[in-house]
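Take a look at the structure below.
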Amino acid sequence: MDEELLEFYGKECPTCMELSKSLDKLEQDDGIQIKRYEVWHNASNLSIMLKYAEGRCSAVPFLYNKRTGEYFCGALVPYEKLVNWAKGL
4 MDEELLEFYG KECPTCMELS KSLDKLEQDD GIQIKRYEVW HNASNLSIML
54 KYAEGRCSAV PFLYNKRTGE YFCGALVPYE KLVNWAKGL
């Protein structure tokens, strides 16, 4: 199955590290596929992020839902809200 969510993060970003724990749980509990891109040290990954962000976000973490086109930018997301967003609810 192709990834449903894209996560763009910075290796040293504390908010990204915290959010990653919730994303790991989401993958494990709900079987949602997540493709992860480190953007602070990888220019190619940053280019991919900017393509999906379309000028709406330049911060990390940046999450993009490929099914709905919705995104979260630069903040922690409560787990329940993250699950609903990931499922397109």
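Per our numbering, the sequence shown starts with residue 4, numbered consecutively. Just so it is clear, CB atoms sit at the ideal spot from N, CA and C, and this is done for glycine as well.
Per DSSP, I51 is one residue of the alpha helix (DSSP H) stretching across A46 to A56. Bounds of any alpha helix (DSSP H) do not take in K38; it lies within the beta strand (DSSP E) bounded by I37 to E41. Residue pairing of N68 in beta bridges, as defined by DSSP: L8. Under the three-pair Cβ rule at 8 Å, the region 5-23 counts as touching the region 61-69. In the DSSP assignment, Y74 is bridged to Y67.
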